[in-house]
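Asks: Quick note, the sequence shown lines up with residues 113 to 253 if you use my numbering. Quick one: structure below, then a few questions.
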Amino acid sequence: MALHKILKIVALLLSVAGIIFLAMIIAKGDTEVAATGAGVDGFLYVAYIIFAITLVFVLFFVIKGVFAGNIKNTLISVGAFLAIVIISYVLADGNPMSVGDGETLSASGSKLVGAGLYTFYILAIIAIGAMVFSGVKKITK
113 MALHKILKIV ALLLSVAGII FLAMIIAKGD TEVAATGAGV DGFLYVAYII FAITLVFVLF
173 FVIKGVFAGN IKNTLISVGA FLAIVIISYV LADGNPMSVG DGETLSASGS KLVGAGLYTF
233 YILAIIAIGA MVFSGVKKIT K
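Encoded structure:
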């Protein structure tokens, strides 16, 4: 229960900090923010902190779950995820391309971006398929 209270307080503090930085960005105006990026740094730091906290908790509970037992299912899930990432990397094109500001994205960068997109698409299709399958299975029972 104490951990729950601590998490609620941390979430509240980060929310308030985010609201304050958002108000600062709005108060500066679109032209100044677009020209100098003023006020965006604090907002990004809040996002980085939230991301780090989330990552720590995910790693903690994954490691806790691995050591709690049923390591076979955990390894199967990790292996399936790695297989999807490898398949996505193989499917991705590695063509260098120009981006909006005149820079050129390298072939390896293009391949990594493509692999990330393919991974997202495959995982999204699997998730949607699992939801549809679960709904159909529940209706047929």
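Even for Gly, the Cβ is constructed at its ideal location relative to N, Cα and C.
Would you grab the beta carbon distance between residue 204 and residue 230 for me? Rounded to a whole angstrom, and I think it's under 8 angstroms.
Replies: Going by Cβ atoms, the distance from residue 204 to residue 230 rounds to 6 angstroms, so yes, they are a contact pair.
Asks: Check whether the stretch 120 to 139 and the stretch 149 to 168 touch, using three or more Cβ-Cβ pairs below 8 angstroms as the test.
Replies: Yes: at least three Cβ pairs fall under 8 angstroms.
Asks: Spatial neighbours of residue 211 within its chain, please: CB distance less than 6 angstroms, with the 5 preceding and 5 following residues excluded, ordered by chain position.
Replies: Contacts found: 217.
Asks: Would you kindly work out how many angstroms separate the C-alpha atoms of residue 180 and residue 173, rounded to a whole number?
Replies: Near 10 angstroms, if we compare the C-alpha coordinates of residue 173 and residue 180.
Asks: Give me the residue from 208, 214, 232 with the minimum Cα distance to residue 223.
Replies: Considering only alpha carbons, the answer is 208.
Asks: DSSP three-state call for residue 218: helix, strand or coil?
Replies: Note: residue 218 maps to coil in three-state DSSP.
Asks: Terminal residues of the continuous alpha helix (DSSP H) containing residue 191?
Replies: Segment 183 to 203, the alpha helix (DSSP H) holding residue 191.
Asks: Would you report the Cα separation of residue 122 and residue 214, rounded to the nearest angstrom?
Replies: Going by the C-alpha atoms only, they are around 42 angstroms apart.
Asks: Hey, residue 130 and residue 169: beta-carbon distance below 8 angstroms or not?
Replies: No, the pair does not count as a contact, with Cβ atoms beyond the cut-off.
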